[in-house]
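Enquirer:
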Amino acid sequence: MSAKNRDNKNRRRNITVGFRVSPEENELINKAVALSGLPKQEYCYRRCLNQDVVVQGNPRVFKALKTELAAVLAELKRIEAGNRVDEELLNVIELIAVILGGLKGEDEDGK
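The numbering of the sequence shown is my numbering, which starts it at 19 and goes up by one.
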């Protein structure tokens, strides 16, 4: 028999909540989850409950940042060739900037 799902206050989690997203939304959610270093469930319910998502620097987060920054670099090279800037790229760049700023101890204004 599997272990019971419990949160950090030892409350049993026995209700499932699901929702549909587009493939593009799924990709953005997966990127945000990877960059947060949290499990997807934890990330989603923190965001749904308007709780802070605090990123703790660890090897998994740094690997996700490296992967995303490589993808951003490839997109910037594509844009340099005269192509249009994608809204999703700007969202990912903003998310990476917020995470890196938080890891450095800066507030949202960059101070």
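From the three backbone atoms N, C-alpha and C, an ideal C-beta is built for every residue, glycine too.
Could you check what DSSP says for arginine 29 in three-state terms: helix, strand or coil?
Expert: Of the three classes helix, strand and coil, the one that applies to arginine 29 here is coil, per DSSP.
Enquirer: Are the beta-carbon atoms belonging to isoleucine 114 and leucine 53 less than 8 Å from one another?
Expert: Going by C-beta atoms, isoleucine 114 is nearer than 8 Å to leucine 53.
Enquirer: If you run the structure through DSSP and keep just helix, strand and coil, what is arginine 65?
Expert: If DSSP states are grouped into helix, strand and coil, arginine 65 belongs with the helices.
Enquirer: Determine the direct distance from the alpha carbon of valine 71 to that of glycine 120, and round the result to whole angstroms.
Expert: So the alpha carbons of these two residues sit roughly 11 Å apart.
Enquirer: Which residues in the same chain have their Cβ closer than 8 Å to the Cβ of leucine 83, if we skip the five residues on either side of it in sequence?
Expert: Closer than 8 Å at the Cβ level, and outside the excluded window around leucine 83, lie Leu53, Ile114, Ile117 and Leu118.
Enquirer: Candidates Gly36, Ile33 and Val79: which alpha carbon is nearest valine 51's?
Expert: Comparing Cα-Cα distances from valine 51 to each of Gly36, Ile33 and Val79, the minimum goes to Val79.
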